[in-house]
Each structure stands twice: as structure tokens, then as C-alpha cells.
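If you read the sequence shown in my numbering, its first letter stands for residue 5, the second for the next number, and so on. Note that the Cβ used here is the ideal one computed from N, Cα and C, for glycine as well. Small disclaimer: the values here were computed from a predicted structure and weren't measured. First up is the structure itself, then whatever we jot down about it.
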Amino acid sequence: MLTWWTRSARYALAILVLTLVALAGSQWISTPMQGSPFWPAAGVGLALVWRYGPTMVFAVAAGDLLAGLLSGAHHALSWPILGALALEEILKMSVTYALLRRWGRRAVQLATLREWGLFLVLAALPLGVLGAGTGVLIDHLFSIEQPMQTYMHWLTGDVLGVLFFAPPLLLVSNVRKTVARWPNPWLRVLGLFASVAALSALVSWYSRTGVAVVVLVLPVLLWAAMRFGPAVTTWIAMFFATASAVVWVQMTSSAFLSFQMLVAGVLAAGMVTALVSDEAKQMRRQLETTVEQLKESQERIARIFHLSPDAICFSRSHDGLVAEINAGFARLFGLDRETSVGRTSLDLGIWPSPIDRIALIAEVHAKGEVRDLEITMHHRSGAPLCVRFSARETRVNGEVYLVSILNDITEQRAADERLRRSERQLQQAQKLEAIGTLASGIAHDFNNVLSAVIGNAELAQLELPPKHPSRANMQQVLQASQRAAGLIQQILTFTRKTESKRVVSKVTPIVKETLRFLKATIPASIELRHRVIDSPAIACDLTQLHQVMLNLCTNAVHAMKSRPGLIEIVEETAEVDGSSEGALAELTPGKYLRLRVLDTGCGMTPEVARRVFDPFFTTKKPGEGTGLGLSVVHGIMRNHRGAVTISSTPGQGTVFHLYFPVAPVGETETPPVQPEAAPRGRGQRVLLLDDEIAIVQVAERLLRSLGYEVEAFSAPEAGLARLAGGGHFDVVLTDLMMPRITGLMVAERVRGLAPELPVVLASGFLSDEALQGAREQGVVQTIDKPYTLDALGRAISAALRSTPAPTGRS
Numbered sequence: 005m006l007t008w009w010t011r012s013a014r015y016a017l018a019i020l021v022l023t024l025v026a027l028a029g030s031q032w033i034s035t036p037m038q039g040s041p042f043w044p045a046a047g048v049g050l051a052l053v054w055r056y057g058p059t060m061v062f063a064v065a066a067g068d069l070l071a072g073l074l075s076g077a078h079h080a081l082s083w084p085i086l087g088a089l090a091l092e093e094i095l096k097m098s099v100t101y102a103l104l105r106r107w108g109r110r111a112v113q114l115a116t117l118r119e120w121g122l123f124l125v126l127a128a129l130p131l132g133v134l135g136a137g138t139g140v141l142i143d144h145l146f147s148i149e150q151p152m153q154t155y156m157h158w159l160t161g162d163v164l165g166v167l168f169f170a171p172p173l174l175l176v177s178n179v180r181k182t183v184a185r186w187p188n189p190w191l192r193v194l195g196l197f198a199s200v201a202a203l204s205a206l207v208s209w210y211s212r213t214g215v216a217v218v219v220l221v222l223p224v225l226l227w228a229a230m231r232f233g234p235a236v237t238t239w240i241a242m243f244f245a246t247a248s249a250v251v252w253v254q255m256t257s258s259a260f261l262s263f264q265m266l267v268a269g270v271l272a273a274g275m276v277t278a279l280v281s282d283e284a285k286q287m288r289r290q291l292e293t294t295v296e297q298l299k300e301s302q303e304r305i306a307r308i309f310h311l312s313p314d315a316i317c318f319s320r321s322h323d324g325l326v327a328e329i330n331a332g333f334a335r336l337f338g339l340d341r342e343t344s345v346g347r348t349s350l351d352l353g354i355w356p357s358p359i360d361r362i363a364l365i366a367e368v369h370a371k372g373e374v375r376d377l378e379i380t381m382h383h384r385s386g387a388p389l390c391v392r393f394s395a396r397e398t399r400v401n402g403e404v405y406l407v408s409i410l411n412d413i414t415e416q417r418a419a420d421e422r423l424r425r426s427e428r429q430l431q432q433a434q435k436l437e438a439i440g441t442l443a444s445g446i447a448h449d450f451n452n453v454l455s456a457v458i459g460n461a462e463l464a465q466l467e468l469p470p471k472h473p474s475r476a477n478m479q480q481v482l483q484a485s486q487r488a489a490g491l492i493q494q495i496l497t498f499t500r501k502t503e504s505k506r507v508v509s510k511v512t513p514i515v516k517e518t519l520r521f522l523k524a525t526i527p528a529s530i531e532l533r534h535r536v537i538d539s540p541a542i543a544c545d546l547t548q549l550h551q552v553m554l555n556l557c558t559n560a561v562h563a564m565k566s567r568p569g570l571i572e573i574v575e576e577t578a579e580v581d582g583s584s585e586g587a588l589a590e591l592t593p594g595k596y597l598r599l600r601v602l603d604t605g606c607g608m609t610p611e612v613a614r615r616v617f618d619p620f621f622t623t624k625k626p627g628e629g630t631g632l633g634l635s636v637v638h639g640i641m642r643n644h645r646g647a648v649t650i651s652s653t654p655g656q657g658t659v660f661h662l663y664f665p666v667a668p669v670g671e672t673e674t675p676p677v678q679p680e681a682a683p684r685g686r687g688q689r690v691l692l693l694d695d696e697i698a699i700v701q702v703a704e705r706l707l708r709s710l711g712y713e714v715e716a717f718s719a720p721e722a723g724l725a726r727l728a729g730g731g732h733f734d735v736v737l738t739d740l741m742m743p744r745i746t747g748l749m750v751a752e753r754v755r756g757l758a759p760e761l762p763v764v765l766a767s768g769f770l771s772d773e774a775l776q777g778a779r780e781q782g783v784v785q786t787i788d789k790p791y792t793l794d795a796l797g798r799a800i801s802a803a804l805r806s807t808p809a810p811t812g813r814s
């Protein structure tokens with residue numbers, strides 16, 4: 005905020021300046037009718053009012069009044085008239101300020117012809133119209149008979165005073181900026197104004213020759229206008245007007261108005277030249293800036309184009325002529341930029357076929373652009389590439405070009421496929437887990453039932469005479485029950501719910517045994533063929549391997565549908581590496597035994613081939629198959645850390661390839677174990693515990709038939725109480741799954757009561773966890789239900805020969 009002293013000093017200085025300017029202007033008045041050719045106080049006063057605010061009008065009026073007193077005007081005019089003139093000064097300055105504030109804020113910048121026009125209309129003319137009244141008043145006081153001529157002289161003088169003296173003060177900051185950019189600025193300023201002063205003096209000297217001599221200043225003014233711009237030109241014009249003022253007082257009335265018009269024309273010519281020249285310079289600077297920005301923009305775009313990780317191509321639409329490619333495009337397709345530009349994209353070999361490009365270009369042309377299309381293109385080497393393609397049409401010199409952006413998503417799609425395969429495998433594993441959980445429960449209950457059936461059938465055979473007709477019926481019951489037990493075993497094998505007994509062996513004997521079995525059961529029109537190219541030993545479960553061969557060959561026989569055909573089994577070796585696909589991709593790289601099982605049956609469609617390993621999936625009629633055979637094969641191969649693949653053609657046949665890891669070097673073949681005949685007991689005492697009464701009854705009779713003494717209990721608590729009460733026993737045979745106390749709990753109690761007493765654990769389903777628990781509790785033997793008389797005899801005999809320590813299962 006300005007202090008009172010600062011404001012007072014400012015007003016005092018303004019009054020002093022206005023007084024001096026008004027006194028100078030009064031010296032240019034030759035007659036009251038003519039007045040001053042241009043009144044400097046009008047322009048200076050308006051500049052001060054606009055710069056410092058409307059209150060400055062009082063300083064302007066005071067300066068004008070003081071100049072009148074100092075010039076002796078009070079001798080010619082009365083004091084009331086002087087006061088009225090001061091009020092008139094306040095009025096015209098206030099009105100002009102209000103007009104500029106309301107409509108001409110930008111006019112005071114005086115940077116364009118439009119702003120000069122606004123300044124003339126809103127400032128110079130209103131102030132001149134109101135100020136000319138002063139001239140008419142003086143004309144009346146001095147009884148001059150030409151009021152209109154007086155009015156025009158005073159109007160023109162005030163207008164020119166505003167146009168000559170206000171702009172230099174309004175643009176003083178612009179002048180400082182312009183001069184500051186000059187080298188040796190003050191030397192140039194002095195030289196410039198000295199030239200104007202000399203020309204002004206020349207005008208004064210030759211003023212009697214006519215007013216046209218004023219145009220001698222015009223060349224300097226025009227040169228300055230083009231050289232220094234509008235702001236400096238206003239100062240030169242003001243200096244010219246001031247230096248040439250002496251000319252005005254020597255003019256006659258008729259020449260006076262002409263001289264004013266000529267001076268106004270010189271000012272107009274100078275300012276128009278300055279404004280047009282300045283605008284041209286600004287346009288040139290803007291053009292240079294635009295060109296520079298365009299150049300920088302092009303360089304930035306070029307850098308972005310070539311450094312972008314995306315593949316970008318600029319090509320002609322109708323023929324694919326490549327105008328430009330970036331490094332990403334060259335890298336993606338294995339191209340060289342220098343040799344690729346100028347050739348068509350078809351020549352570069354990146355399209356699978358011309359039809360693919362034509363179809364894509366047609367789509368781009370129809371839509372104007374395409375975004376994120378997934379298409380297949382080719383690397384220069386011929387390898388397929390999966391890319392995300394975006395393109396837009398653009399016109400260059402009347403021709404349609406295509407801006408294409410491509411992203412390589414080959415690896416992403418491969419990862420997606422691996423993820424989908426993993427999800428399918430997870431779903432399959434979850435399905436198998438659910439089936440396995442269900443199968444384990446069913447196996448336990450169903451094998452308990454089969455145990456009673458098989459046991460009673462064997463007891464019946466023992467009791468019947470050798471040639472009794474019912475023996476054949478009992479044999480059929482035993483065979484059917486064993487097939488049912490085999491079906492349960494297949495389900496458990498498929499879901500990997502049973503422990504695998506692996507030995508190192510070659511597969512040739514199993515293959516020959518399978519073919520011998522098939523030869524006796526299949527039509528003679530089906531040829532069986534076996535070839536051994538190379539057959540290294542593998543670690544396998546012989547029973548499960550036999551099951552695999554039997555299931556595949558049975559499936560091949562069914563595919564023949566009683567027609568002549570061929571089944572061939574080939575043993576050979578194969579190398580699996582990290583580049584394998586499909587089921588082989590999950591295998592550990594290395595050497596494998598490959599069994600090729602070929603048939604010339606009906607074959608299958610790709611849709612069927614994809615589902616053949618799904619559990620319970622079958623294309624056979626009801627009663628001809630369960631849909632588990634190939635599922636069991638798949639489960640056994642996974643259990644052996646191998647794989648099975650299928651290749652089939654409808655109407656031609658099917659080939660299965662089985663991959664088994666070759667046994668490590670140094671492992672020898674395990675010799676086959678011959679089953680022993682069921683040994684008989686010598687009156688040893690057996691404690692039998694099972695919650696199924698039917699099994700208790702059958703097992704008791706079987707054991708007694710083998711020569712053992714038996715105490716049987718369907719409530720295991722009662723049997724343990726008998727043992728704790730002093731009962732003497734040589735072996736304990738207990739079921740695993742019982743409602744109140746499990747077989748493992750029985751083994752734990754027995755170990756506490758009689759540590760040396762061996763325990764045999766029987767169950768319709770023995771999981772790996774159950775076997776581990778049996779070993780921890782000291783169970784010496786396990787036996788699977790349904791068990792036969794021989795199996796039961798071998799298990800009890802082995803237990804009697806052992807001490808309580810972990811052993812195998814029978």
C-alpha cells in the first residue's frame with residue numbers, strides 16, 4: 005500500500021508535469037481560433053489517468069489551471085471561466101477513462117491496427133469532441149466569427165495530442181524492452197533522435213515553402229517503424245511533433261488544418277508500417293518457431309517410432325509396399341530394414357498367404373481402423389507367429405497408406421495353452437480324486453461281501469465230492485467273484501489308491517503271455533504280431549503291466565468288430581527331449597522304452613480320441629464295456645512316471661504309444677517269485693476279530709480247515725478282553741475298518757498286552773497311509789480282501805514265522 009506521502013508526491017509530480025506540458029503546448033498557439041496544432045496535455049493527461057487511476061483527473065485539471073495562470077490567461081479570462089475550463093477537463097478525462105475501462109481495456113496495448121482503431125474511437129475522438137468545446141468558448145469570448153473552424157482546429161489538436169503523446173507513455177515498458185535488446189542502446193537512441201531533430205529543424209527552416217516539407221521526416225519514420233517496431237515509433241513521432249512545433253505558429257489558418265492532416269497522415273503511415281512490420285516479424289518468428297517445433301516433433305516421432313518395442317510398419321495399402329519399418333518390426337520378423345523398405349510385405353514372406361492380407365486390408369478399409377486382432381503371421385524362417393494386430397488408414401499425397409502396430413503374443417498364447425492344459429489336468433486330478441474317494445469306500449464294502457462269497461464257495465468245494473455237479477457251479481461263483489474283485493482292483497489302480505510293487509524286468513515275457521492268452525480267446529481271423537527292436541529293462545509293477553497290455557489288446561479286439569485284422573506290438577527305445585509336446589511334455593527328458601500297440605480296427609475321430617482316457621467314457625453298447633479300461637492304462641502309466649499317446653484314423657486303425665522310463669544302469673532284473681502252496685497249521689491258536697459276522701464265520705471255518713484253533717469275535721472289544729484276561733494265542737487276525745475300534749488300534753492294544761504276539765491286518769482297501777500306520781504299530785503281515793484259502797494260509801504262516809516288525813503284504 006502506498007503511504008500518504010508517496011501518493012502526495014505522485015500527485016504533485018503529475019501536476020508539475022501537466023503544467024509544463026500545458027505551458028509548452030500554449031506556446032504553439034498562434035491565435036485563439038487556431039489553438040495548438042496538437043495539444044500535448046491531452047495525451048499526457050490521459051496516459052497519467054489510465055496509469056494511476058481516475059483520481060488523477062484532478063491533478064490533470066490542476067496542472068491545466070496552473071498553466072493558464074502562469075501563461076497570463078487569467079488576464080483575458082475571468083476566474084469563473086477558468087474554473088469552468090478545469091471542470092471541463094475533469095469531465096472529458098473521466099468520460100474517456102470510463103469508455104476505455106468499459107470497452108477498450110485491450111485498446112491501450114496498441115499492438116495491432118484494431119487496437120489503434122479502438123483507441124481512436126474510445127479515447128482520442130471523445131476527448132477531442134469534449135475538448136473542442138473549450139475552443140468554441142474562447143472563440144465566443146474573443147468575438148471570433150468562425151466557430152466551426154475553431155471547433156475543428158481544437159478537435160483535431162486534441163485528437164492529435166492524444167495520438168502523439170499518450171502512446172509513448174502507455175508503451176514505455178515496451179520501449180525499454182526493445183532498447184535493452186540493442187547493442188550500444190543509448191548510442192543508437194541518441195543517433196536516431198539526432199536525425200529526427202535535424203530533419204525537424206530542416207522542416208522549420210523551409211517551412212515557408214509549404215506544409216508538404218513535413219514529408220521529409222517520413223522516410224526516417226518509416227525506416228524506424230520497420231526497424232524498431234511500434235513502441236519506438238511512437239516516441240520518434242512524439243519527438244518529431246515536438247521538434248517541429250515551431251512550424252505550426254507560422255502557418256495561416258487555411259494551411260493550419262492542412263498541416264494537421266498531413267502530420268496525422270505521417271503518423272498514420274508510420275504506425276501502420278510499424279504495426280504491419282511488427283506483425284510480419286511476429287508471423288515470421290511464429291513460423292520459425294512452428295517449423296522448429298515441427299522439426300523437433302518429427303525427430304521425437306522418429307525416435308519413438310524406431311525405439312518403440314512394438315513392431316510398427318508404414319506401408320501402401322493397395323499393394324503392401326513398405327515405406328518404413330522400425331527396429332521392433334525388423335526384430336519380430338527377422339528382417340533387415342535397409343533391404344525391406346521398398347519391397348512389398350508379400351515379398352518379405354510374413355503373410356501365410358496373399359488371401360490373408362487381402363481379407364485383413366478389406367476389413368481395415370471397411371472400418372477405417374482395426375484394433376487388437378489376433379492373427380497368425382510368419383517369421384522369415386517360416387516359423388508361425390501369433391501377433392496382436394492394430395492398423396489405421398491414412399492419406400499421404402493422395403495415396404492410402406496403412407500404419408500397422410503389431411505385438412508378439414506367441415509366447416503368451418503358448419503360456420495360455422499351458423495354463424489351459426494345467427487346468428484340464430487339475431480338473432482331471434480332482435475328478436480322479438473324487439472317484440478315488442468314492443472307490444475306496446466302495447472297495448472296502450464290496451470286498452467284504454466278496455470275501456464271504458469266495459470263502460463260502462471254497463468251503464463248499466472242500467466239502468463236495470470230487471465229481472459232484474455243484475463243484476462246477478461253485479467254480480463259476482469263484483470266477484465271477486474274482487472278476488468282480490479284479491474290477492475293483494482296476495478302479496483302485498486307476499485312481500492310484502493301491503501301492504505299486506515294482507521290480508526291474510523286461511516287458512517281453514509279459515507281452516508274450518498276453519498274446520498267448522489272447523490267441524486262445526480271439527477269432528482266428530485276427531493276426532497277432534510281436535516285434536522286438538530294442539527292449540531295455542524297466543522298473544515296473546508286473547501285474548499292472550500285464551493289466552495295461554491286456555486292456556489295450558482287448559480294446560483292439562473290440563475295434564475289429566469280428567472282422568479280419570492285425571494287432572501288432574513293437575518294443576523299441578525312444579529319446580524324449582524338452583521340445584516334446586502334449587503328454588510327452590510332462591516327461592523327464594531321457595531314454596524310454598516305447599511299446600507300440602497297433603490295430604487295424606475301426607479307428608476313432610479326433611473328438612473321441614481326446615476323451616478315451618476319461619473314466620467311464622465308452623462308445624460301446626451297454627454290457628460291452630465299462631469305460632475304465634483305457635482310464636486304467638492312463639493311470640498306470642502316470643504311476644510309472646510314463647505316458648501314453650494315441651494316434652487314430654477313422655476306418656484305418658489306432659496306434660497307442662506307451663513310454664516307460666528305462667531302468668538306471670546297474671540295476672539288475674528281479675527274479676520272479678513262484679507262489680507257495682498254502683501251508684497248514686499245527687494247532688496254533690488264532691484270535692479272529694471282524695465286525696462282519698459273515699466274514700467271521702467264513703474265516704473261522706477256513707482257518708480250521710487249515711489246521712488252526714480259532715476264537716472268533718465280531719466285537720473287537722470282547723476279543724481284546726479275552727486276550728487281557730489270560731487267553732493264550734499265537735497270532736491275531738483283525739479287520740482294519742471296524743466301527744468302534746480300528747485294526748490299528750487293535751494292533752496297538754495287542755502290542756501293549758503281548759508284545760511278541762504277531763498281528764495280521766486284513767482289509768477290503770489298504771491305503772498307503774494305512775500301511776504306514778500298520779508298520780508303526782508292529783503289524784507283521786497284511787492281506788487284501790477278498791482273500792482265498794491259499795492267500796489266508798500263506799499270511800498266517802508268514803506271521804507265525806516272524807516277529808512284530810514291518811513286512812510286506814500278501
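- Taking 8 angstroms as the cut-off, the Cβ atoms of L748 and V754 do not count as close.
- Annotation for L765: the continuous beta strand (DSSP E) segment containing it runs 763-767.
- The way I'd put it, the segment 661-671 doesn't touch the segment 697-713; fewer than three beta-carbon pairs between them come closer than 8 angstroms.
- Inclusion of A578 and Y596 in the CB contact set at 8 angstroms is warranted, their separation being smaller than that value.
- Taking C-beta separations shorter than 7 angstroms and ignoring five residues to either side along the sequence, the partners of I699 in its chain run N452, S455, A456, following chain order.
- Measuring C-alpha to C-alpha distances from A13 to each of L50, G47, F123, M60 identifies M60 as the nearest.
- In the same chain as V404, and ignoring 5 residues on each side of it, the C-beta atoms closer than 6 angstroms to its own belong to S321, E397, in chain order.
- Residue state for A241 is assigned as helix, using DSSP reduced to three classes.
- In the structure shown, Q785 falls within a strand segment according to DSSP collapsed to helix, strand and coil.
- With contacts defined by Cβ atoms closer than 8 angstroms, T100 and P171 do not form a contacting pair.
- Shown here, V669 sits in coil according to DSSP, grouped into three states, outside any helix or strand.
- For I413, there is no enclosing beta strand (DSSP E), as DSSP marks it with neither H nor E.
- Approximately 6 angstroms separates the beta-carbon atoms of W107 and L126; this is inside 8 angstroms, confirming the contact.
- Less than 8 angstroms divides the Cβ of A543 from the Cβ of V508.
- Taking C-beta atoms as the reference points, F337 and I354 count as a pair closer than 8 angstroms.
- Using a Cβ distance threshold of 8 angstroms, G569 and V580 do not count as a contacting pair.
- Within the segment 350-380, the runs of alpha helix (DSSP H) at least 4 residues long that lie entirely inside it are, in chain order, 358-371.
- Closest in C-alpha terms to G646, from the list V666, A51, Q656, I316, comes V666.
- Here DSSP, grouped into helix, strand and coil, assigns S319 to strand.
- Beta bridge pairing from DSSP links D603 with I571, T658.
- The closest CA to that of H369, considering only R399, G723, L24, is found on R399.
- For A716, there is no enclosing alpha helix (DSSP H); the residue is part of the beta strand (DSSP E) that begins and ends at 713-717.
- In chain order, S718 place their CB closer than 8 angstroms to the CB of I697, counting only its own chain and leaving out the 5 sequence neighbours on each side.
- Closest option to L463, judged by alpha-carbon separation, among A90, V53, G29, Y791: Y791.
- For F521, there is no enclosing beta strand (DSSP E); the residue is part of the alpha helix (DSSP H) that begins and ends at 512-523.
- Secondary structure note for I530: its beta strand (DSSP E) is the uninterrupted segment 530-536.
- Here the alpha carbon of S262 sits roughly 12 angstroms from the alpha carbon of G161.
- In this chain, the beta strand (DSSP E) harbouring V508 covers 507-509.
- Counting C-beta atoms within 10 angstroms of its own C-beta, W120 has 16 or more neighbours from the protein chains shown and is therefore classed as buried.
- With respect to the C-alpha of P683, the residue from M742, V574, L804, R288 having the closest C-alpha is L804.
- Comparing C-alpha distances from S344 to each of G777, V616, D360, L325 shows the shortest one belongs to L325.
- For S651, the enclosing beta strand (DSSP E) covers residues 647-653.
- It is roughly 56 angstroms from the alpha-carbon of L350 to the alpha-carbon of S529.
- In the structure shown, the three-state DSSP call for G729 is coil.
- In this chain, the beta strand (DSSP E) harbouring T738 covers 735-739.
- Look at H472 here: in three-state DSSP terms it is coil, with no helix or strand label.
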